[in-house]
Every structure is written in structure tokens, then in C-alpha cells.
Amino acid sequence: MRVKRSISALALLLAGCAPSISFAEIATAPSPLATADPTVWPAAASPAEITSPATEKSIDAILSQMTVEQKVGQLIQADISAITPEDLNRYPLGSILAGGNSGPFGDERASADKWKQLVDAFRDVSRKSGAGIPILFGVDAVHGHSNLPGATIFPHNIGLGAARDPDLIRRIGAATAAEIAASGIEWTFAPTLAAPQDVRWGRSYEGYSSDPALIAGYAKAMTIGLQGELAAGKPLAADRVAATAKHFLADGGTVDGRDQGDARISETELVAVHAQGYPVSIDAGALTVMASFSSWNGIKHHGNRSLLSDVLKGRMGFNGLVVGDWNGHGQVAGCSATDCPAAINAGLDLYMAPDSWKGLYESTLAAAREGRIPAARIDDAVRRILRVKFKLGLMGDQLIERGDVSKVGADAHLALAREAVAKSLVLLKNNKGTLPVRKGARVLIAGPGADNMAMQAGGWTVTWQGTDTKAEDFPKGQTIGRAITEAVAANGGKAEIVADGSFSTKPDVAIVVMGEKPYAEFEGDIPHLAFTPQKGEIELIEKLKAKNIRVVVLFLSGRPLFTGKLINLADAFVAGWLPGSQGQGVADVLVAGANGKAARDFTGKLPFAWPADARSPISQPLFPLGYGLNYASKSRLGRVNESPGIDISGSEGATLFMLRGKVRAPWHLGLDGAIASRAIDIGAQEDARQFSWSDKAAFSISGPVVNLERQLRDNAVLAIDWRIDSYAGQSVRFSFNGATLDLSAAIKSLATGTADQTKIPLRCFAEAGAKFDAVGLPLRMESTPGFAASFRTVRVEAGGAELPCPAR
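Going by the working numbering, 359 is the number at position 359 of the sequence shown; the sequence numbering is gapless.
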């Protein structure tokens, strides 16, 4: 279906110097099946101040002098891990990014000075080569300048949603922008405006709430906080950066909460639930929008012209640039990471091509020369990119210099983060007035999160997944346990941190800090909403209760989870989300001061409904959206449901052992001997895990026992998606629940360096002696020095009736 493009107010304003372009007229690809009717979408318009007639005239002059090679270069963004400044002498790329695991000069823990040094190196070369157009540098600063040790780390968005305070969001945006700019960077890939509807999605914590109205209120506040109010003819201030409204669209509405999945919903639901933050952000002046990896009714957003051009740039009047996500263009039908004219024709302006940039440059240049990408579409994309560069003070007569490193971790920012942490906490249970901790009390702080910066900061902190974040990374921050210890001591009490909960003197109260381990993106996808405690965590609380010690459970998580047993065991239960670096904010609410009252009361309200069982989406919540107690609340919570409501052992979690290189809960990875393990890319960012043997050794996947007799009866297989990276005839043996098969012969037939799949019928392991009524060790792999393989997925699935068994 073809739809007429409406003309925004800004397009009319600039008509004299920048004629508007109808993308429906110039795109060569047919309209996708998932088409949109612009009349049902909210109208919006980038403010006139996003540019000026003088700027557009300057852009006209630049475009008239640029070669096709230079124009194509502007459309491509590379990651610092895959390009050097010197490469820009040959390839005139328009943008550089630093991905989640990329640091300056290979240093993930580089200082702000080193970041600025890197940015300046790329910028200097770009100014002197090609058309002399400086690069645009972007980074994932999603809860503070989170790639940078020493920065202020604010609560993740789910916690900020609990705060319900748009002014707080605006102030956080301004503080974050100041710290990003302090490292010389001028663009952040934030805010996330997703409305997660199924919190099995691993990015749920990047969304403020499931409530579109709350998201819309925050969209304006964060956009203005990051960029400031746009002023006609003036670039952004030196302590402000470009915002990115992301991920367009409905990344929080995919089937089963699958990352990069498909939102199979009506256009009415697409608009009403998932689009509400975008017109508000655009009206507030957002300079960029990021396309989503996901799809709408089977059509990938990176290739959906109806949404990118007719709706976003037409009905919503967006006049900034549309950037892709990490090689997301490669998922468009008929495309690859190194060849995708369809994405530009659909309305994408800037490919995010972190490691595919060189091949993509060559193929896009060929498509431009051959007319498969119309010249008018290329000129419009370059115009939008240059418009943003002018507005950031990278070009023109008003150049802006960023790099005041003194603003990183500024005291005012730390105080703001502390305030945000306190406002994010949600009190769900407080029987017998267990909280606040009384003056002079003896307190035990236990659990895996008691003194664990990684757990309280979550993913996107120093590294992409955030698993190796340390307290030392944030010397001006404080772990929750240390903050509570100081607060208790300041008021005549005594507190100690003992992770396993042991003590010599009986405490008055125990605060057990537990919850999810760090994750990001697809690695956080889960099959159901049941929280799976680590070994000994429930027993820890039961032992404390058996000794008549009051227990507070402070639950750290990126989403609400089914925690019925924990809630019943606890005297008080607090949803702490992922509070970031300033644990003092937790102590401000949990610990009473000299006057017997906490410095701050609980004010947080649930940004998502809290599940009554493990089923998802949540239909009958235990606590509804907006619920939250305070110290004046008199409610006493009785026993809640402890049954998950579904057969967890029979769910996907029982048969999915590894997904995209990460072992999935409730399973655990173990290394026995000299094996190096690291996350690598095969088809997407960190979608596999490589194991390299330097001695005779094994790795294993183990967990709570599950019954897989039905899968055996159904002729299922153990399916392994992997790649053999190094093989020279070593012995390779696979075990399933203690039964071992030799796969050496099968591996010889696989091509080294090529992704492949191996399927082993479960009956083969049964014939070798495996029992399937209680499977607790579904995979153990043994080999010898020199062998290396990268695993993407390991699971039990249907389809093995006719397959032969490997030799034993």
C-alpha cells in the first residue's frame, strides 16, 4: 500500500532552501506487507530550532561539492574495535561508535582523558580527509555514562519508572549529558522508550514502565535533559549531547518477549501501547531515532519504509537522522550485514555496521552508482546527518569543544543518583514494622548482593553484560552492604556483611540482598517468570527465620519476578531493581536515623505489575501496576501463592541449556581444567561462547534435575549449533547425564571455521546408559590441547527418529 506523505511544519519552513522529498516516490523496493496508515498515528514535528535556513544553505553547498564516495561514507558507522583513525583517510565514514565491550585502545576501563584522546584522534583525521566532515561519535550511555569507570551510575530505567518523577528524569539527563560530554563524546543511544509487555524480555529493565503514559512523560523530560531546549541558530551547549529515541518500534511487544522478535499486533495496539514516547521526544527536539532489531507482523523495522519514512519522517515530522542498530540491517529480507540497499531505501539514514563497515561501504557505493539507491535518497540521508552535526557544534561557525573531565563523577551528580536510588525503591511487604532498621540495632547483611557492585549496577556497566563490574570501578560509589553498615554505625548500631549469613552474635534483623545476576539484551531472555535462587539462598533465609531473626529481603532485579516463597519467608520485602553505584540511597530509606525515622520514606510505585505466578504475560498480578507501601501504611500481607502455575520442569527452560552462547537459568556452566572461555561474534554481537583447550579438560552444563523421559519417548535430539575453530584429530567426547559418546569421527566431517549443527538422538545416550527421569548434567564435553569450538545454542528438540548414533 502506498500512503501519501504529510508535510511537517518544519518542511514547509525550510521549503525555500531544502525541498522535501517523498520517499514513497523514490524508493525502489515494494511496500512491505506490514504497512501503516499515517492517519491513525499521533502527529508530531521536530521543532524548527533543530536547524536554520542558514544551516540548510550551508548543507546545500556541502552536498554540491561532495563525491558519491564521500556521501556514501557519511551513511556508515563503524565500531572502535574494528577501525582505526587512519582508516578514515581511505574510507570517509560519517560516524564512529563504541559498543558495549569496546574501550579506547582496547582498554575497557579507560579514563575520560583516554576516551577524549580517542575521539579527538578520529575527529582530527576526519576533518582533514575526504570532504573534511567531522565524524559523529556515539556511545551506549544508558544509565549514566556507564562505559566509564568513575562515572555516576544511575538506577536503570525500570527503577526510574518506579520513582514517577519527570523532573528527576530531566535532571538525570542533564547530569548524564555532562559526563558524556566530559569525555569528548556528543551522542548517546538513549532514551529507551520501549513499553515492555512481557518481562521475559531481557531488555525489560531498559524500559521505564509498561504504562505508555508514564513513558510519554519521561520521553520529553529525558530528551530535554540530555539535549537542553533547542535554540534557533545555536548548537547544543558544551555539556549537552544528542539524544536517541529508541528502539523504533515495539521492541517491547514481541511474541513471548523475544529479543529481536516479532510484534504480531494490530496497528491500533502498535500506536496506543508502543509509539506514545516518540512524538513527545520528537516534539522536544530529539536529534536521532534508532530503528529496532525487531519486526512488526513479520517485517523487520530496518526495512519497513511504511514506518520509517511514511510514519516517522512523515506523520511524525522527524527531521533528524535515523540510525540502525548493531548490524540490524543485515536481518532485512534479502540483505546481509555487508549489503543492504533496502534499509536506506526504507528510510534508514545511518547504518550501524560495527565490524561489517568495509564491505558495506563497497556494496553501498556500488548500489549508489548503479541507481539502486536513488541519489535523492542519499542526499536526504546525508542532509539529515549533517543537520545533526551542525546542531552539535561539530560544523559551521560555532564550533563546540567538549571534554571537561572534572564533571565525571561530580559530587552533585552523585547526590542526584543517591536521590534517584531512594525514590526507586518499592516496599511490597513490611509486616510487624520490620523496617526501618531501628537506632542502635545489630544488623546482619547477607546474600550474594550484599557487597556486589555488579548485581546492583546490572548490565551495560563498564562492559556490555556487566558481569565483571567491581566496586573499585566506582571509587565514589558504595555497595549496598557497605552503605547500610555505615548508616547503622552512625546511629549507634553495629552491622556486618557476611554473605553466607553466619554470625557469632545474634542480630536483631538480617537484610538479605539477592536477585538476578547481571545480563543485557538477549542473554537476559527467560522462559518463565519464576525466580530461580542460587544454591543455598533459600536455606540461608530459612536458617535465620528458624532462629527468630527478622528478615528483610532486598530483591535486585531487572524485572518483576515470581517470588512467592521469598515473600512468605520475609518479614519485609523490597523491590530494589538495579540501583547503580550509590548504595547510600538504599540506606537512606531502610535505616532509621537519630530521630527514629529514616532519612527518606518509601515513595516508589511499581512500574510493572508484580506476578502472582510464573506465567507470562501477567494477567492476575499479586501487586498491580502503581502499587507501593510507605512507612505510614498499615497493611499486613498474609501468605501469598507459592505455586508457579505452570510446569517449570517441562518448560523451555528445562530443555534449553545454552542460547546465544550463554548458559540459561536454571542451568550453570562449569569448567574443569585448563579451558579458556570467552564471548565472541558469529552472526551477531556476542552470540556465541568459544572454549579453547590448553590441556586435557572438560566443560559442563549442570543444574536442578528435570525429567526428560517424554522427550526420549518422542525421539528428540540434543541439538548443538556450533563452529569448530581448531581441530587436529583430538579426541572429543560428549556426555549426557553420565553416558558418554565419542564425537571425534563426526567432528572430522565438519568444516573448520564454518557454523554448523550437530544432532545426537537422545536414544543414543540412553543406549549408553543415561537415565532420563532425573537429568542434572545434560552436557559434559571433554577434549585435549589444541581443540577449540564456539557454541551458540545447545538444546533438546524434536526430530531424531531417523538419525544414526555416533560411535561410542
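The beta-carbon is built from N, C-alpha and C at its ideal position, and this holds for glycine as well.
Looking at the DSSP output, Ala697 shares a beta bridge with Ser783. Closest by C-alpha distance to Phe691, out of Ala716, Thr188, Lys662, is Lys662.
Distance from the CA atom of Leu307 to the CA atom of Met290, rounded to whole angstroms, is 12 angstroms. Using a Cβ-Cβ distance cut-off of 8 angstroms, the stretch 99-107 and the stretch 455-466 are in contact, since at least three pairs of beta carbons, one from each stretch, lie closer than that value.
In this structure, the straight-line span from the alpha carbon of Leu193 to that of Phe390 is close to 26 angstroms. Note: Pro761 is bridge-paired with Val717 in the DSSP secondary-structure output.
Within the stretch 615-672, the complete alpha helix (DSSP H) runs of at least 4 residues fall at 652-655.
For Ala98, the enclosing beta strand (DSSP E) stretches over residues 95-98. Distance between Ala112 and Asp239, taken at the CA atoms: about 14 angstroms. In the three-state scheme derived from DSSP, where H, G and I count as helix and E and B as strand, Glu797 is classed as strand. Counting the other Cβ atoms within 10 Å of the Cβ of Ser633 gives fewer than 16, which makes it exposed. In the DSSP annotation of this structure, the continuous segment of the beta strand (DSSP E) that includes Ile680 starts and ends at 675-680.
In the three-state reduction of the DSSP assignment, Tyr727 falls in the coil class, being assigned neither a helical nor a strand state.
If you draw a straight line from the Cα of Ala684 to the Cα of Glu516, it comes to about 24 angstroms.
Around Lys506, the same chain offers Arg442, Lys547, Ile549 as residues with beta carbons nearer than 8 angstroms, after the five sequence neighbours per side are excluded. In the three-state reduction of the DSSP assignment, Asp87 falls in the helix class, which pools H, G and I. For Trp187, the pairing in a beta bridge is given by DSSP as Gly138, Ala242. In terms of Cα proximity to Ala612, the closest of Phe657, Leu659, Leu561, Gly753 is Leu561.
Excluding the 5 residues flanking it on each side, Ala495 has same chain C-beta neighbours closer than 7 angstroms at Val443, Ile445, Ile484, Thr485, Val488, Ala489, in chain order.
DSSP, reduced to helix, strand and coil, places Gln582 within a strand of the structure shown. Ala353 is a Cβ neighbour of Ala337, given a cutoff of 8 angstroms. Assignment of Pro354 by DSSP, reduced to helix, strand and coil, places it in the coil class. By the CB criterion at 8 angstroms, Ile682 and Ala789 fall outside the cutoff. In the structure shown, Gln478 adopts extended strand secondary structure according to DSSP, grouped into three states. Within the stretch 212-282, complete alpha helix (DSSP H) segments of at least 4 residues are found at 212-227, given in chain order.
The alpha helix (DSSP H) runs lying completely inside the stretch 352-395 and spanning 4 residues or more are 357-369, 375-391, given in chain order.
Here the C-alpha atom of Arg600 lies approximately 16 angstroms from the C-alpha atom of Pro579. Inclusion of Glu186 and Val125 in the CB contact set at 8 angstroms is not warranted, their separation being larger than that value. When beta bridges are read from the DSSP output, Ala598 appears opposite Ala592. Going by DSSP, Gln65 is part of the alpha helix (DSSP H) stretching over 53-65. The beta-carbon separation of Pro279 and Ala44, rounded to 3 angstroms, stays under the 8 angstroms limit for a contact. Under DSSP, Leu427 takes part in a beta bridge, and its partners are Val574, Leu629.
A distance of 8 angstroms or more separates the beta carbons of Ala162 and Pro621. Burial is judged here by how many other beta carbons sit within 10 angstroms of a residue's own beta carbon; Arg369 has fewer than 16 and is exposed. Each of Leu803, His247, Lys57 was checked against the Cα of Phe189, and the nearest Cα belongs to His247.
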